[in-house]
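Asks: First, the structure itself, so that you have it in front of you.
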Amino acid sequence: MKFSEQWLRGWVNPQVSRDELVARLSMAGLEVDSVTPAAGQFSGILVGEILATEQHPDADKLRVCQVSNGAETFQVVCGAPNARPGIKIPFAMIGAELPGDFKIKKAKLRGVESFGMLCSAAELQISEENDGLLELAADAPVGQDIRQYLNLDDASIEIGLTPNRGDCLSLAGLARDVSALYDVPATRPVVPAVPAAHDEVRSVEVSAPAACPRYLGRVIRNVDLSKPTPLWMVERLRRSDVRSIDAAVDITNYVMLELGQPMHAFDLAEINGGIRVRMAEEGEKLVLLDGQEVALRADTLVIADHTRALAIAGVMGGEHSGVNTEKTRDLFLESAFFEPISVAGKARSYGLHTDASHRYERGVDSQLAREAMERATALLLEIVGGEAGPIIEAVSQQHLPNIAPITLRDERITQMLGLQMDAAQVEQLLNALELTTSANGAGQWTVTVPSHRFDISLEVDLIEELARLYGYNNLPVRYPQARLAPQGKPETRGELPNLRRLLVARGYQEAITYSFIDPKLFELFTPGVEPLVLANPISNDMAAMRASLWPGLVKAMQHNLNRQQDRVRLFESGLRFVGQLGDLKQQPMIAGVVTGSRLPEGWANGRDGIDFFDVKADVEALLGYSGALSDFSFVAGKHPALHPGQTARIERDGKEVGYLGAIHPELAKTLGLDRPVYVFELVLGDVVEGRLPKFSELSKFPETRRDLALIAGRDVASSSVLEVIRDNAGEWLTDLRLFDVYQGKGIDPDRKSLAVGLTWQHPSRTLNDDEVNETLQNILTSLEQRLNTTLRK
């Protein structure tokens, strides 16, 4: 919204400077985007009159003008195409200063003396029009300072309004707010009813009352549109960034800026029958005022006559029914209330944006249409003459907006604003906005909201208005107060950042991938599982929510491999999504992918490739972070995405918590991977849940170690062997280590050799050989009975 400061001060004039007014408007939520002077800095420029012109003797495009300043006549050479006798123009006499520190001096142009300069609007920085001299009104007083005559000591103020403040898209709304902010009265123009001078009417039928609850029309006959728009109106429109077109259009635009009610004037001769407010027929054609032909949709509200559409309601009129200054003699003036939802987005859908649509989409006062009609009628009769007929009104009361009274509580004001407002101040601030307050006692009010404040419907809206008027910068600064008891941090639970640092220390880099993946990739990693598909995906290859972190990590690994990064170690923490809506499980996971050499390239490092046990060591480091590694076990498992012989299911107390293994050869082939790739994925909640450390006093007595070479079945898991040993080794066992596995020459093909080391240490004495030998015998007996495992000979 752009407006003239002088125009606003004609409504309400607080005794503050322009800068103070601008700052206060911004602090009240009406943010000022710019302040532009109405004209450039100049002096010594008067209203002049061209008395006579003659062709320059040596230049085809120059004229020699005789210009009067009211006291003397001066010879001025001018090249403007509209320089002619009888017009009044800005006359810069010798000594005058134009914008840009340009001083007028006596000059010779092609041999003819010139005593001054005749100015265009652009040369005075009034506007950008530079196609000729700025022509002033015929009654402009010759000799008067042009700055005083045009009231150029003014500024255009542009406000960036939020969408809810459509009431301030007018001088009336702005004046109402300024009046409330400074507690000074606002002077609203008196709008008397214009009596009907004839009885001609056109019928008005509204077949879509929900979209157009109120429609007013009026016939105005015998107008003379050749009469110019008064200069004061042209200037107010210009300073509001509205271009003057003709008197009829200018007046409807002026009323829109003044009161906030968009209006439209039709050429009465182009209306066949009466007015019908209806929904458009699908594909119906309409040529708009800007010359664009549009095919209307069935959801578009139109103003039509009995044969065709005349305008898109609330957006733009049609070309054939528009006002024409040469032929239009009678007008049909329209003023209506369109429901905001019915017109919202319609302008944009047709590639349009107009001042009317901007207002209707944000809301217009539903009770304003008649006042605007009377105001526009009075201005038309004053400027272009004519006779007004009676107002025709079609209204559906049940479809008009109705704002219910709101209860405002004193305690709620104090709670939200942090200060205690007395009752008189609350009532004064709200009444200044034309809200009606009625005290209910016990610190409550019933507030009735006027029709122009359609953005107020809740108690918090009223409190926001109180804060605006009181001044946000005047509200007290208070910090929240609460009794905050320190929360204990669970010592048995680890933290994700520490797990990240652990993996980084082991040579991994963290990756962040999308939570949605290609449905085809989803099927490859989790065949037979129905994916959760997005309703509105970014693209077709990002349409399914991931059920595992592996697809994203593998794609990230491929991206690196394709850029000559042969050693890739990536990890990610994030959610996986299992199930469908209504039964969706979002589970935090941590996962990794590894390929390439075991160690970074270097003169001291070998070139061995990574293997299953290297990755298993990384996983064990994660599982052991919280001090509960012994709670986890690695069990041979099956997973559709993993190699059948290199897959471990990770369990904790019998519950599955993740998988570790090599990518399945068929999957690797499908993905175009020509190297071993290992992955792991763990449920984060089980990884971070640990065990509280306990202090054990160090023994000062010597350790006793025994090594056993055992022969076990080929299919017997080494973890089972270690579990039996641990169960029978007694309470003084301090270390149990598997340090060799052998299959080959000298060993039955169906058997394997396991070498384990056992260490005992007593806290208060030295263990003797008999005690250790007895324990060893118990271990060997249990191994033979439970696992058919014997001592190697």
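If you use full-length UniProt numbering, the sequence shown corresponds to residues 1 to 793, in order.
Beta carbons: idealized from backbone N, C-alpha and C, even for Gly.
Since the model is a prediction, treat every value here as computed from it, not as a measurement.
1. Looking only at its chain, what residues have a beta carbon closer than 7 Å to the beta carbon of A155, apart from the 5 residues adjacent to it on each side?
2. Taking only three categories from DSSP, how would you classify M117?
3. Does the separation of the CB atoms of R214 and A311 fall below 8 Å?
4. Using 8 Å for Cβ pairs, my map puts H56 next to R110. What's the rounded Cβ distance?
5. Can you say whether P531 is buried or exposed, counting buried as having 16 or more other CB atoms within 10 angstroms of its CB?
6. If you draw a straight line from the C-alpha of E31 to the C-alpha of G160, how long is it?
7. Contact defined as beta carbons within less than 8 Å: I believe N69 pairs with V142. What is the distance between those atoms, to the nearest angstrom?
8. Please classify V32: does DSSP put it in a helix, a strand, or coil?
9. Using the three-state DSSP reduction, which class does K752 fall into: helix, strand or coil?
10. Where does F522 sit, in a helix, a strand or coil, going by DSSP?
11. Counting Cβ pairs closer than 8 Å, one from the segment 43 to 53 and one from the segment 73 to 88, do we hit at least three?
12. So, at 8 Å on beta carbons, what are the nonlocal neighbours of L787 in its own chain, with the 5 sequence-adjacent residues on each side left out?
13. Kindly indicate which three-state DSSP category D735 falls into: helix, strand or coil?
14. Is DSSP giving W603 helix, strand or coil here?
15. With DSSP collapsed to three states, give me the class of T407.
16. Three-state secondary structure (DSSP) at F74?
17. If I follow the unbroken beta strand (DSSP E) through F634, where does it start and stop?
18. Three Cβ pairs or more, each shorter than 8 Å: is that satisfied between the segment 191 to 207 and the segment 316 to 325?
19. So, with DSSP's three-state summary, where would you put C212?
20. Could you check what DSSP says for D727 in three-state terms: helix, strand or coil?
21. What do you get for P163, buried or exposed, if any count of 16 or more other CB atoms within 10 angstroms of its CB means buried?
22. By Cβ distance below 7 Å, which residues in the same chain neighbour A621 in space, the five residues on each side in sequence not counted?
23. How big is the Cα-Cα spacing for T775 and F739?
24. Mind checking which residues open and close the beta strand (DSSP E) that includes L310?
25. Under a Cβ-count criterion, where at least 16 other Cβ atoms within 10 Å of its own Cβ denotes burial, should F632 be classed as buried or exposed?
26. Going by alpha carbons, who is nearest to R297 out of G283, H306, D305?
27. Whole angstroms are fine: how far does the CA of A137 sit from the CA of A269?
28. Can you list, in chain order, the residues of its chain with a C-beta nearer than 7 Å to that of A208? Leave out the 5 residues immediately preceding and following it.
29. Can you round the beta-carbon distance between A121 and S114 to whole angstroms, since I take them to be within the 8 Å contact cut?
30. Who are M316's beta bridge partners in DSSP?
31. So, helix, strand or coil for M421, using DSSP?
32. Helix, strand or coil for T492, going by three-state DSSP, please let me know.
33. Quick one: using the 10 Å Cβ neighbour count with 16 as the cut-off for buried, is N562 buried or exposed?
34. Are I383 and R218 touching if we call contact CB-CB under 8 Å?
35. Which value, in whole angstroms, describes the spacing of the CA atoms of V64 and K346?
36. Classify R147: buried if its beta carbon has 16 or more other beta carbons within 10 angstroms, exposed otherwise.
Replies: Taking the geometry as given:
1. E5, R18, V35, T36, P37, A38
2. strand
3. no
4. 6 Å
5. buried
6. 6 Å
7. 7 Å
8. DSSP places V32 in strand when its eight states are reduced to three.
9. Three-state result, K752: strand.
10. helix
11. yes
12. Only A712, G713, V716, S720, V721, V724 meet the Cβ criterion.
13. strand
14. In the three-state reduction of the DSSP assignment, W603 falls in the coil class.
15. strand
16. Looking at F74 - three-state DSSP - the assignment turns out to be strand.
17. 632 to 636
18. In the pairwise beta carbon analysis, the segment 191 to 207 is classified as not touching the segment 316 to 325: fewer than three pairs are separated by under 8 Å.
19. coil
20. DSSP places D727 within a helical segment (H, G or I) once states are collapsed to three.
21. exposed
22. Take A621, set aside five residues on each side of it, and the residues of its chain with a beta-carbon closer than 7 Å to its own are L502, R506, in chain order.
23. In a straight line, the C-alpha of T775 is about 20 Å away from that of F739.
24. L310 -> beta strand (DSSP E) spans 309 to 312.
25. buried
26. G283
27. If I take the Cα positions, the gap works out to 31 Å.
28. In the same chain as A208, and ignoring 5 residues on each side of it, the C-beta atoms closer than 7 Å to its own belong to V277, R278, M279, L301, in chain order.
29. Going by Cβ atoms, the distance from A121 to S114 rounds to 21 Å, so no, they are not a contact pair.
30. I312
31. coil
32. In the displayed model, T492 falls within coil according to three-state DSSP, outside both helix and strand.
33. exposed
34. no
35. 54 Å
36. buried
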